[in-house]
Amino acid sequence: MNDEHGLRSRFGVSAPSAAGLGLASSGFVGLMGIITAELLYPNYSTRRDISDLGSTRPPDPVIHEPSATVFNATMLVTGLVVVLSAYLLYRVADRRGFPVALGVFGLGAFGVGVFPGNVTPWHGLFALLTFFSGGITVVLSSRVVSRPFSLLCGFLGGTSLTLLVSVFFYGLVVRGPHPLEFLGGGGIERWVVYPLVLWLLAFGGYLMADSRDSDDAILD
């Protein structure tokens with residue numbers, strides 16, 4: 001176990017607890033920011049891509065304000081807070097793979113905010129980075145927490161990754177309609193994204209729990 005007494009003595013909380021606060025906050029900001037941007041977007045349907053809230057794709061991108069500003073700011077704040085939380089966990093964790101993956105997840109979300117949908121190819125690359133690294137991060141988190149929460153982490157991460165891989169499988173291999181095509185592209189995307197957002201809230205709460213066991217699970 002690495003030393004975390006400096007942070008605890010200065011702020012009265014452990015590094016995992018501070019990271020938990022950040023992750024739970026980022027989950028709240030991410031979820032409510034997307035919902036708010038949807039409400040501010042004229043005639044928006046959740047069958048549409050989430051990123052359309054910031055800007056649709058070329059050749060004729062459409063940007064609606066204030067929806068675009070709300071969405072892009074949401075991604076920037078969410079990504080930055082996740083990266084900072086990952087740094088806190090990296091400082092004290094013996095298992096470095098998980099906080100590194102978490103940091104990449106946050107970087108991807110931040111990049112989505114920096115590069116809206118009209119900025120190609122960067123927006124697409126950062127969106128894919130967010131989806132893949134997010135799913136991997138959530139699956140990895142099941143190895144650093146105790147049961148039964150580890151089962152929930154595995155389920156959320158597995159759901160997100162399975163849906164994401166299936167999109168590429170049906171698009172590139174089968175070259176046919178996805179079984180969930182009736183949900184629309186935005187509906188399928190939400191099955192990839194929302195498990196990650198729910199995990200941020202749940203994992204953040206786990207780390208903030210006033211229990212020595214919760215700290216040990218991430219530090220050892």
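Using my numbering, the first residue of the sequence shown is number 1, and each one after it goes up by one. By construction, the Cβ of each residue, glycine as well, lies at the ideal position given by its N, Cα and C atoms.
Under the rule that 16 or more other beta-carbon atoms within 10 Å means buried, what is residue i, buried or exposed?
i: Arg190; result: buried
i: Ser9; result: Note that Ser9 scores a pLDDT of 43, beneath 50, so its modelled location is shaky; the value from the coordinates is reported in the next line. It is exposed - the Cβ of Ser9 has fewer than 16 other Cβ atoms within 10 Å.
i: Pro177; result: exposed
i: Trp122; result: exposed
i: Met32; result: exposed
Are the beta-carbon atoms of residue i and residue j separated by less than 9 Å?
i: Leu221; j: Leu107; result: Residue 221 cannot be examined here, being either before or after the span of the chain that is shown, 1 to 220.
i: Gly103; j: Val82; result: yes
i: Ala93; j: Val145; result: no
i: Phe126; j: Gly111; result: yes
i: Phe163; j: Val192; result: The question names Phe, but residue 163 in the sequence shown is Leu. Cβ atoms of Leu163 and Val192: closer than 9 Å.
So residue i packs on residue j, CB below 8 Å; how close in whole Å?
i: Gly157; j: Val138; result: 3 Å
i: Thr69; j: Val29; result: About 14 Å separates the two Cβ atoms, so there is no contact after all.
Mapping the DSSP letters down to three states, classify residue i as helix, strand or coil.
i: Ser146; result: coil
i: His5; result: The predicted position of His5 is uncertain, since its pLDDT is 49 and thus under 50; a value taken from the coordinates is nonetheless stated next. Note: His5 maps to helix in three-state DSSP.
i: Tyr41; result: coil
i: Phe115; result: coil
i: Ser166; result: helix
i: Pro179; result: coil
i: Ala73; result: helix
Roughly how many angstroms lie between the CA atoms of residue i and residue j, to the nearest whole one?
i: Thr159; j: Leu196; result: 9 Å
i: Arg47; j: Gly186; result: 4 Å
i: Tyr41; j: Ser67; result: 6 Å
i: Phe96; j: Tyr87; result: The sequence shown places Arg at residue 96, rather than the Phe named in the question. The straight-line gap from Cα to Cα measures roughly 10 Å.
i: Val13; j: Leu23; result: 15 Å
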